[in-house]
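**Student:**
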Amino acid sequence: MDSSGVQSRVIVITSGKGGVGKTTTTSNLSVALARSGHRVVAVDADIGLRNLDVVMGLENRVVYNLIDVVEGSCKLSQALVRDKRVDNLFLLPAAQTRTKDAVSSGQMEELCSMLREEFEYILIDSPAGIESGFRNAVVGADEALVISTPEVPSVRDADRIIGLLESMEKAPIRLVVNRLRTSMVREGEMLDVNDVLDILAIDLIGVVPEDDSVVKSANRGEPLTLSDSSPAALAFQRIAARLAGDEVPFPKFDEENERGLLAGLRRLFGKKD
Amino acid sequence: MAEVVESVENRKDLHNGADRAEILLKGTGYGVRMILPEALPDERLLEELLRFSGDAARLARGIGVVLDLQGRSLTRPLLLALLSQFVWTGDFKVLSWMSYNVDTLELLRSSGFSIGEPMTDKPERSAGSNTLVLYQSLRSGQRVEHDGDVVLLGHMNDGAEIYSSGNVFIRGRLKGVVHAGMRGGEYCISAGQFEARQLRIAGKLCSTLGSDVEWWGKAVVISLENDSLVARELKL
Ligand SMILES: Nc1ncnc2c1ncn2[C@@H]1O[C@H](COP(=O)(O)OP(=O)(O)O)[C@@H](O)[C@H]1O
Ligand SMILES: [Mg+2]
């Protein structure tokens, strides 16, 4: 519970393969949730490869980092970077110069409980893969978002991650399909959302289209959900709203989204649980 | 209700209960054996079966089912009710009926139903054989090793593995690696939807499978017979 008595949620953003959009998702969801009035911290648990601060445009203001906090070299409040553009949004940066082994799972769990005292949403950006860095990022989380692109290797690796998350009893585990290219799906060159859901059999929380504005926003350090109304920005806003418990319909204009929803419904009736 | 609570608790140790009042599924070489325990009174049997149809039965749908009535003395009204409300609804393909009650067998036989284990040319299951039933899907990176038969009531995704000394039954889609009969013997692998590139039974390996085989994506039983692998599509 945070200081205002709201139940805190620790949500890890994860994937099997690297480069599928974890950091992009973490920054955009953090901004969107904070803009809708929640108290949010984005935690960069990709230790040694920090880039959440850059994507969020906060790198110049980083002084201390996550490792400093767990090692007791500074107070949590000193390491948190407040985002001046949005109320209630903070970043806990990763260390650039350390390796993933610099922190233990016990320390990460402890850190998460500290953050629960302060925040309603704790979003953890995790490293790719299934090594110790993954476990550390996941250990203190209640729920998980798994990011996959609609490509066979990405889906297979996501499946592996879902198995691990299930065995660690994270729930719910929900899927974000990122970088969907409608034209390629139509030409049969890419899996559609339906195919991905069919393989992974978890709930879909959103579909983000391939969108050049994502790369531009990362370079500028301005998450899309700060203001933009590009297709990806809207998609991240919808995901944030669903995360917060709103019933947001999957938009009709996007053929793929709709199909994903249908598949979700079909699974609702077609799968044990 | 106390009864309901009890049956929920019983769920935890499904495989070793012969005397409990709950329908059991057992994987076999030919499909699923549904054990209808005697402890379940006639009037509740149908109720349980229908409840079952909604949920776990979806897993058994589309594959062959053997109805095992155990020692129950089957009455004509119950048989008729079973047929009209369960068997003829088409949710299940009933391969045969089993019972060790003489009168029950006589009633079934005289009504023209097939009795006993179907496909008797299959390898005999050793008494007391040990079956592992998994009520889940196996995902990439998950591996099951078991001395006995394995029944997976879910999908087996690409990158998952099952190693078994007996038969392997997969209700859903088979995309992972299965090795049945690890210590030799004429065992079989069955899948609700076969999409695996390779499989192994005893010392035989087949690694050239692909979408060009005619039963790709279909319900299949693959068995080792006279030292060669034989695939049979399950046309239901
Ligand atoms: N929906 C999208 N459309 C276009 N580019 C994207 C999209 N999502 C991510 N990218 C780009 O893909 C790259 C990897 O994304 P990133 O979020 O850093 O992945 P990860 O954190 O999983 O390694 C970045 O250059 C990012 O800008
Ligand atoms: Mg990243």
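Protein chains in written order, with my numbering: chain Z, 1 to 273; chain G, 274 to 509.
Positions of the beta carbon are idealized from the N, C-alpha and C atoms, including for glycine.
Output yes if chain G places a C-beta closer than 8 Å to the C-beta of R160 (chain Z); else output no.
**Tutor:** True, the Cβ-Cβ gap to chain G drops below 8 Å.
**Student:** Starting from the Cα of L342 (chain G), find the closest Cα among G:Q466, G:L313, G:L405 and give me that residue.
**Tutor:** It is G:L313.
**Student:** Closest to V70 (chain Z) by C-alpha separation, out of Z:L52, Z:A45, Z:P153, Z:N88, would be which residue?
**Tutor:** Looking at the Cα atoms, Z:A45 is the closest of the given residues.
**Student:** State the Cα-Cα distance for the pair T225 (chain Z) and L92 (chain Z), rounded to the nearest angstrom.
**Tutor:** Spanning the two alpha carbons is a distance of roughly 19 Å.
**Student:** Can you give me the start and stop residues for the beta strand (DSSP E) that G414 (chain G) sits inside?
**Tutor:** Note, G414 (chain G): premise wrong, no beta strand (DSSP E); not H, not E.
**Student:** Look at the Cβ atom of G427 (chain G), then the Cβ atom of L405 (chain G), and state whether they are nearer than 8 Å.
**Tutor:** No, they are not a contact pair.
**Student:** Does any CB atom of chain G fall closer than 8 Å to the CB of L204 (chain Z)?
**Tutor:** So, not an interface residue.
**Student:** What's the C-alpha gap between E321 (chain G) and V367 (chain G)?
**Tutor:** The alpha-carbon atoms of E321 (chain G) and V367 (chain G) are separated by roughly 17 Å.
**Student:** What in chain G is Cβ-close to G188 (chain Z), meaning under 7 Å?
**Tutor:** Result: empty, since nearest Cβ-Cβ is about 15 Å, beyond 7 Å.
**Student:** Along the stretch 138 to 162 of chain Z, what residues have a CB closer than 8 Å to any CB found in chain G?
**Tutor:** Correct list: R156, D157, D159, R160, I162.
**Student:** Going residue by residue through the stretch 78 to 157 of chain Z, where are the continuous beta strand (DSSP E) segments of at least 3 residues, counting only ones entirely within it?
**Tutor:** For the stretch 78 to 157 of chain Z, whole beta strand (DSSP E) runs of length 3 or above, ordered along the chain, are 89 to 92, 121 to 125, 143 to 148.
**Student:** Buried or exposed for G540 (chain G), going by 16 or more other Cβ atoms inside 10 Å?
**Tutor:** It is not possible to answer for residue 540 (chain G), since the shown part of chain G is limited to 274 through 509.
**Student:** At a Cβ threshold of 8 Å, is G344 (chain G) touching chain Z?
**Tutor:** So, not an interface residue.
**Student:** Which residues in chain G have a C-beta closer than 8 Å to the C-beta of A201 (chain Z)? List them in chain order.
**Tutor:** Correct list: S410, H428.
**Student:** Three or more beta-carbon pairs under 8 Å between the stretch 144 to 159 of chain Z and the stretch 53 to 66 of chain Z, yes or no?
**Tutor:** No: the two stretches stay apart, fewer than three of their Cβ pairs being nearer than 8 Å.
**Student:** At the level of alpha carbons, what is the spacing between Y121 (chain Z) and V40 (chain Z)?
**Tutor:** Taking the straight line from one Cα to the other gives about 5 Å.
**Student:** Name the residue from G:L356, G:V360, G:F386 whose alpha carbon lies nearest to the alpha carbon of W370 (chain G).
**Tutor:** Closest option to W370 (chain G), Cα to Cα, is G:F386.
**Student:** I'd like to know if the stretch 231 to 242 of chain Z and the stretch 201 to 213 of chain Z are in contact, where contact means that at least 3 CB-CB pairs between them fall below 8 Å.
**Tutor:** Segments in contact, yes.
**Student:** For G163 (chain Z) and S413 (chain G), which I take to be in contact (beta-carbon distance under 8 Å), what is that distance rounded to the nearest angstrom?
**Tutor:** About 7 Å separates the two Cβ atoms, so the contact holds.
**Student:** If I follow the unbroken alpha helix (DSSP H) through V70 (chain Z), where does it start and stop?
**Tutor:** Counting along the chain, the alpha helix (DSSP H) containing V70 (chain Z) begins and ends at 66 to 71.
**Student:** Expressed to the nearest angstrom, what Euclidean distance is found between the alpha-carbon atoms of I462 (chain G) and L80 (chain Z)?
**Tutor:** Their Cα atoms are separated by approximately 56 Å.
**Student:** Please confirm whether S413 (chain G) has its beta-carbon closer than 8 Å to some beta-carbon of chain C.
**Tutor:** Structure shown: chain C not included; protein chains present are Z and G.
**Student:** Please report the Cβ distance between K170 (chain Z) and A141 (chain Z), rounded to the nearest whole angstrom; I am assuming they are in contact, meaning their Cβ atoms lie under 8 Å.
**Tutor:** Rounded, the Cβ-Cβ distance is 6 Å, consistent with contact.
**Student:** Decide if the stretch 427 to 445 of chain G is in contact with the stretch 453 to 470 of chain G; the criterion is three or more beta carbon pairs, one per stretch, under 8 Å apart.
**Tutor:** These segments touch.
**Student:** Less than 7 Å separating the Cβ of G465 (chain G) from some heavy atom of ligand 1?
**Tutor:** No, the Cβ of G465 (chain G) stays beyond 7 Å of every heavy atom of ligand 1.
**Student:** Leaving out five residues on either side along the sequence, give the residues of the same chain with a beta carbon under 7 Å from the beta carbon of S346 (chain G).
**Tutor:** Closer than 7 Å at the Cβ level, and outside the excluded window around S346 (chain G), lie N374, D376, T377.
**Student:** Which class does A233 (chain Z) belong to by DSSP, given the choice of helix, strand or coil?
**Tutor:** Reduced to three states, the DSSP call for A233 (chain Z) is helix.
**Student:** Please determine, among G:L298, G:S501, G:V493, G:V503, the residue with the shortest C-alpha to C-alpha distance to L509 (chain G).
**Tutor:** Nearest option by C-alpha distance: G:V493.
**Student:** List the residues that DSSP assigns as beta-bridge partners of P209 (chain Z).
**Tutor:** Its beta-bridge partners are Z:L180.
**Student:** Which of helix, strand or coil does DSSP assign to P396 (chain G)?
**Tutor:** Confidence at P396 (chain G) is low in this model, with a pLDDT of 45, below 50, so the placement of that residue is unreliable and no value is reported for it.
**Student:** Just checking E210 (chain Z) against ligand 1 - is the residue's beta carbon closer than 7 Å to any of the ligand's heavy atoms?
**Tutor:** Yes, Cβ of E210 (chain Z) sits closer than 7 Å to a heavy atom of ligand 1.
**Student:** Quick one: grab the DSSP three-state call for V20 (chain Z).
**Tutor:** It is coil, neither helix nor strand.
**Student:** Is L482 (chain G) closer than 8 Å to R470 (chain G) when the C-beta atoms are compared?
**Tutor:** Yes, they are a contact pair.
**Student:** Give me, in chain order, the residues of the same chain whose beta-carbon lies closer than 6 Å to that of C74 (chain Z); leave out the 5 immediate sequence neighbours on both sides.
**Tutor:** Excluding residues within five positions, the ones whose Cβ falls inside 6 Å are Y64, D68.
**Student:** When the Cα atoms are used, what is the spatial distance from L52 (chain Z) to D159 (chain Z)?
**Tutor:** For L52 (chain Z) and D159 (chain Z), the distance between alpha carbons rounds to 25 Å.
**Student:** Rounded to a whole number of angstroms, what is the C-alpha to C-alpha distance between L89 (chain Z) and V103 (chain Z)?
**Tutor:** Computed Cα separation, rounded: 24 Å.
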